[in-house]
Every structure is written in structure tokens, then in C-alpha cells.
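**Q** First the structure, then my questions, so here it is.
Residue numbers (our numbering): -13 to 495.
Written out as C-alpha cells, the structure reads:
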């Protein structure tokens, strides 16, 4: 599907109408000239590109490079008189970029039913659950599968690759939405981070359904959100661009979240495991073999459902998917089939030794709230086993995670190993020492193994059987962010399989 090239004046008038122009002086440019591309990357420029100067580290040299490659005008908060190109000066480059991106791709979200998911934990799992339910339904109708933009993967029907950001930057995001439309998708599910909402990455994106999972103390730092109030307010922005809302009544600040949703969305579907008054309500949660089963009641049906993903806490994510299915009117049979077959890479993946005496669970839990829920659930599912947890914390941001994760491990685990998890500019040992203060406050000891591969091997082979080992923080990621940037690493699942093979080989020998 080809995109229509709009004239420069179309983009100029858009910024004028939205009150974003910082300079109303007539633009010294041919406003009828067609714009072939809108780009913010000086390496991705073709003749007749409208270039966007964005970012705190933007340099004039980038604009010169763009001009040399064919840019014929630029949008910026700062004019660069030494660069002989027309400047469209704006008051807010982030707002401008979101609007221009949406315009450049012809407002593709208007041709899709998009489910946007926000929350401190569970976004990725919920996204995969919703996609699986949608795909089960679409398959029964003879339609193509839905598209997905998640923390793990970008799959828009044209491009499929590992994701770089939870929510892509505006020009990338709109390209993915346009790709989905071009590929014939009717539905798309995407994670929406608080940063994306705060800084306008999703401007212009119409959501058929906004899902609010939960809110907890995370992403509070000088480079993210200054406090919980800013974090929550950023997440609540999601309802302003949605037709329908799904809200978890069991989350903190639930009444405030519900009020924000009701103020913007004509249709609100609530879900809960605590309040039978919720439109989607679940009870009788239990483990049945390798599955988690529960009974659900919605305005349209009442029945038993099951998920194959370990973790009682994943019932919350499954309920969000059930509630979203209510928005779309998806039949109960498709909901049941989709949840039953849903698989989420790096989220509560389960591996086991040949004799069944060591179970290993790989999960992305990387903040206190997520680790607390994972450990509590693992303890409930494996009450008679030694519980080992291995984790670390990122360096340079999210400092509060060290307290939250340290306390969670101290409360629930029998054996604790601390290791690297994207240490970035900091020393692994220093990060582990910070975490260790909170572990020790619970009377627990811990072992520091800086190299993650060695730590995983020690966690599994050093366990006192019967044991369950939770490898937290990295999930299916294949890069470790160290001082010199990202370096390739084996995902935790591969490390777990390798260690279990050593254990099995030892038994056989």
C-alpha cells in the first residue's frame, strides 16, 4: 500500500492549527512542494525530507547531514541560522513530532481496532493473552492474525523483530500501525508505557480499548518520573484517547483510575477477584496439573477458564484479556481457547529436571511489585520445596527497585543469589550491596555472583532438592547492558536448560 505524499503546507497548517508554532512569520519555502518523508534520523533521509530536530543531545551537525542527504526543511524548537534550510520553529518538539508522524502515515490508527495496555506489571503477558484470544476468534472467522507491539517483539505484519522500546517513538510507531493496515490486520495490541504517555509518543493514536492493569512504586527517578503522582498521572492519560476502558478494581488507587476512565470513555468494563460487583469477576482460582484454572462471570456468560502460564498472579492478566474480549464481543469459546494456548516468552517459563526434583521458572520480574507477586505465587504452587531466587537491578535508574526487590526476596526466598541485570554505568557488586541491605533486614543471607551465566548455574546446581528456582529480571532478553553498551548474552531459559542438562547428566552417570 502506497502512502500519499502531502505538501509541506499541509504539515505547516497542522502545527498552526494546534498552536505549536513559535514563529508566525511566513515560512520562506514552497508550501506546495510534496514531502516524500518525515524523519528524525539524519541517517534515514531522502530527497524532499521534512527533518525533525529532537532530543536533548541533538547537534547541528545532524541537521547538516540531513540537508546533505536531501532534507529541504526542518522542524525544531531551536533555529539553526547557519544551516540554509527553512525552519518551522515550534514550542514543543515532542507534541509536534507525534502530530507530524500521525499525519505522514495517514492516521492509520483510524483503520485499526487498537488495544493499548498500561500498568506497572503484567503489560507484556496481558498483551500476549489478548492477542491469543483475538487470534483464536479471527481464525474462526477466516481472518488474518492480529498485530502486536510488545516489550518482547514488534510484529506488525510486515516487520517482525525484537523490540527496542516498550512503546516505539512516534515515527516508528506510526510506521508499524501503517504496516499493520497494509498487511490487512484489523486488530493490534500494544503496550503503552508511562514514558510514552508523558512524552507524547502515542499522540494521534486512537485506541478502541485502553486497559489499566495496576500502579506501583517503580520508574521513580530523576530520569523517569520524579514521584508516584507524576507516574500515575502519566498513565491516566491513556483514557483520553480511548473509546472503551478496562480497569482493574483490585489495583491501588482504583477509584481514581476508574473515575479517570469514566470521564473519558463511554464504555467502562471493570474486572476483579475481590469485588463481585465488577463486570468481569473471577473466583475459585486453583492449580490443576500444569494449568491455573478459575471460574469467570461476565455480562454474557459464566464458565471455567484456564491458563497454561504458571503463576496465580497471571489470573489478573487473564481477566484483563477477558474484559477486553467483552469490549469486542468475542465469543466465550474463543476466549477459552486463546487463554489456554497463550505462550509468553520470558514470562513464567517453566523448565524441569528429568527426575522432577528441580523446577526452574524464568520470569521478567524486574521491580519489587513483580518479584513480590512472582515469589508469593511460586511459594503457593511449590509449598514443600526450597525456594531459590536469582536477580539483580539495573544501573543508573530505577534506584527504588533495589529496596523493593530486596524486600521481596528477603520475605519469600530461602536462598538468594544476586547478580547482574543491565548494570550499565555502575559496578555489579555495588548494586548488589544496595540490594543486600534490604535482604539482610529480613534476617536472610545472600550470595553475590557478578557473572549471570555463572550465577544461574550455581543457583540451579547448588539447590537442595526438591527445589524451585526463580530466575528473575531478564526473561528472554539476549543482551546485557554494561558500561560499554549492550553486549550479547544467553537468555535465562537457555542457561536454565544447560544447567538442568548438567544435573540430569550427573544423575545418569
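Using N, Cα and C, we set each Cβ at its ideal position, and we do this for glycine too. In this text the structure is predicted, and so the values were computed from the model without any measurement.
#1: By the 10 Å Cβ neighbour count, where 16 or more other Cβ atoms means buried, how is residue 109 classified, buried or exposed?
#2: Whole alpha helix (DSSP H) runs in the stretch 32 to 79 with 4 or more residues, listed along the chain?
#3: Quick check on residue 30: does DSSP put it in helix, strand or coil?
#4: Using CA coordinates, which residue listed in 350, 192, 492 and 240 is at the minimum distance from residue 200?
#5: Quick one: what does DSSP say residue 4 is sitting in, helix, strand or coil?
#6: Can you name the start and end residues of the beta strand (DSSP E) that residue 269 belongs to?
#7: Determine the burial state of residue 35: buried for a count of at least 16 other Cβ atoms within 10 Å of its Cβ, exposed for fewer.
#8: Would you identify the three-state DSSP class for residue 418, choosing helix, strand or coil?
#9: Identify which residue in 272, 458 and 237 has its Cα closest to the Cα of residue 258.
#10: Count Cβ pairs between the stretch 61 to 78 and the stretch 94 to 105 that sit closer than 8 Å; are there 3 or more?
#11: Which of the three DSSP states is assigned to residue 21 in this structure?
#12: Helix, strand or coil: which one does DSSP assign to residue 102?
#13: Given that a residue counts as buried once 16 or more other Cβ atoms are within 10 Å of its Cβ, and exposed if not, what is residue 94?
#14: Taking residue 251 and residue 268 to be in contact with their CB atoms under 8 Å, please state how far apart those CB atoms are, rounded to whole angstroms.
#15: On the DSSP letters alone, give me the boundaries of the alpha helix (DSSP H) that residue 168 sits inside.
#16: Locate the beta strand (DSSP E) running through residue 402, then write down its first and last residues.
#17: Can you tell me whether DSSP reads residue 334 as helix, strand or coil?
#18: By how many angstroms is the C-alpha of residue 87 removed from the C-alpha of residue 367?
#19: Nearest CA to the CA of residue 308: which residue from 10, -5, 111 and 116?
#20: Counting only the same chain and skipping the five closest in sequence on each side, list residues whose C-beta sits under 7 Å from that of residue -10.
#21: Closer than 6 Å by C-beta to residue 123: which residues in its own chain qualify, once you throw out the five before and the five after it? Chain order, please.
#22: So, is residue 423 buried or exposed, given that buried needs 16 or more other C-beta atoms within 10 angstroms?
#23: With distances taken Cα to Cα, identify the nearest neighbour of residue 51 among 67, 158 and 28.
#24: I believe residue 153 touches residue 182 by the beta-carbon criterion, under 8 Å. Please report the beta-carbon distance rounded to the nearest angstrom.
#25: Taking Cβ positions, are residue 431 and residue 410 nearer each other than 8 Å?
#26: What residue range does the beta strand (DSSP E) around residue 150 cover?
#27: Would the beta-carbon of residue 373 fall within 8 Å of that of residue 458?
#28: Which stretch, first to last residue, makes up the beta strand (DSSP E) that contains residue 177?
#29: For residue 438, which of 449, 471, 480 and 427 has the nearest alpha-carbon?
#30: Please state the DSSP three-state secondary structure of residue 138.
#31: Going by beta carbon distance, what residues of the same chain come within less than 8 Å of residue 361, once the five residues before and after it are set aside?
#32: DSSP beta-bridge partners for residue 465?
#33: Could you pull the DSSP bridge partners for residue 237 from this structure?
#34: Could you check which residue in 47, 112 and 159 has the C-alpha nearest to that of residue 90?
#35: Return the first residue and the last residue of the beta strand (DSSP E) that residue 118 is part of.
#36: Which residues does DSSP pair with residue 374 in a beta bridge?
**A** In short, the structure shows the following:
#1: Classification of residue 109: buried, given that the 10 Å Cβ count is 16 or more.
#2: Counting only runs of 4 or more, we get 46 to 55.
#3: Note: residue 30 maps to coil in three-state DSSP.
#4: When C-alpha distances from residue 200 are compared across 350, 192, 492 and 240, the shortest belongs to 240.
#5: In the structure shown, the three-state DSSP call for residue 4 is coil.
#6: Looking at the DSSP string, the run of the beta strand (DSSP E) that includes residue 269 is 266 to 274.
#7: Around the CB of residue 35, 16 or more other CB atoms lie within 10 Å, so the residue is classed as buried.
#8: Reduced to three states, the DSSP call for residue 418 is helix.
#9: It is 237.
#10: They do not touch, by the three-pair rule.
#11: If DSSP states are grouped into helix, strand and coil, residue 21 belongs with coil.
#12: In the structure shown, the three-state DSSP call for residue 102 is strand.
#13: Buried is the call here.
#14: With 8 Å as the limit, residue 251 and residue 268 do not qualify as a contact, their Cβ atoms being about 22 Å apart.
#15: Taken as a continuous stretch (DSSP letters only), the alpha helix (DSSP H) holding residue 168 covers 156 to 168.
#16: Annotation for residue 402: the continuous beta strand (DSSP E) segment containing it runs 401 to 404.
#17: Reduced to three states, the DSSP call for residue 334 is coil.
#18: Cα to Cα, residue 367 sits roughly 47 Å from residue 87.
#19: For the set 10, -5, 111 and 116, the Cα lying nearest the Cα of residue 308 is the one of 116.
#20: Around residue -10, the same chain offers 92 as residues with beta carbons nearer than 7 Å, after the five sequence neighbours per side are excluded.
#21: Excluding its 5 nearest sequence neighbours in each direction, residue 123 has C-beta neighbours in its own chain below 6 Å: 316 and 320, listed in chain order.
#22: Around the beta carbon of residue 423, fewer than 16 other beta carbons lie within 10 angstroms, which makes this residue exposed.
#23: Just measuring C-alpha positions, the residue of 67, 158 and 28 sitting nearest residue 51 is 28.
#24: That pair is a contact at about 4 Å.
#25: No.
#26: Looking at the DSSP string, residue 150 is not in any beta strand (DSSP E), and its letter there is neither H nor E.
#27: Taking a C-beta distance under 8 Å as the contact criterion, residue 373 and residue 458 do not qualify as a contact pair.
#28: Looking at the DSSP string, the run of the beta strand (DSSP E) that includes residue 177 is 173 to 177.
#29: The shortest C-alpha separation from residue 438 is found at 480.
#30: Here residue 138 sits in coil by DSSP.
#31: Only 373, 375, 394, 395, 397, 398, 399 and 456 meet the Cβ criterion.
#32: In DSSP, residue 465 forms a bridge with 474.
#33: According to DSSP, residue 237 bridges with nothing at all.
#34: 159 is the residue among 47, 112 and 159 whose C-alpha sits nearest the C-alpha of residue 90.
#35: Element bounds for residue 118: not the beta strand (DSSP E) but the alpha helix (DSSP H), 109 to 127.
#36: Partner(s): 401 and 455.
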